[in-house]
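What follows is a single structure, written as structure tokens, with notes after it.
Residue numbers (full-length UniProt numbering): 1 to 91.
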């Protein structure tokens, strides 16, 4: 499995249950410092931009549009604080 595929698998796990994100090991460095954040334009929106990265090695997936899961961490567009992390490229 490629590094990108491992990131996608970990993202899917975090997406299904966002509260587990801090307990998941980073696919790149194995640290348990992942962040999953959904950037929304309005409070009542059903879709958001998903951001997923590791705070230790500063790698993650490219931002993508996704349905907003229940109880997901969200922030209004323009108020997000996201590091300049390196995007894991697809194979």
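All C-beta atoms in this analysis are idealised placements derived from N, C-alpha and C, irrespective of residue type, glycine included. The structure presented is a predicted model; accordingly, all values stated were derived computationally and were not measured.
Are the region 31-46 and the region 9-19 in contact at 8 Å, needing three or more beta carbon pairs?
Segments in contact, yes.
Proximity winner among 27, 82 and 67, relative to residue 15 (alpha-carbon distances):
Of 27, 82 and 67, the residue nearest in Cα terms is 67.
Does the region 46-58 come into contact with the region 70-86, if we say contact requires no fewer than three beta-carbon pairs (one atom in each stretch) closer than 8 Å?
Taking a cut-off of 8 Å for Cβ pairs, the region 46-58 and the region 70-86 touch, as three or more such pairs fall below it.
Let me check one thing: in DSSP terms, what residues is residue 64 bridge-paired to?
Residue 64 has 50 as its beta-bridge partners, per DSSP.
Span separating the alpha-carbon of residue 39 from that of residue 53
C-alpha of residue 39 to C-alpha of residue 53: approximately 14 Å in a straight line.
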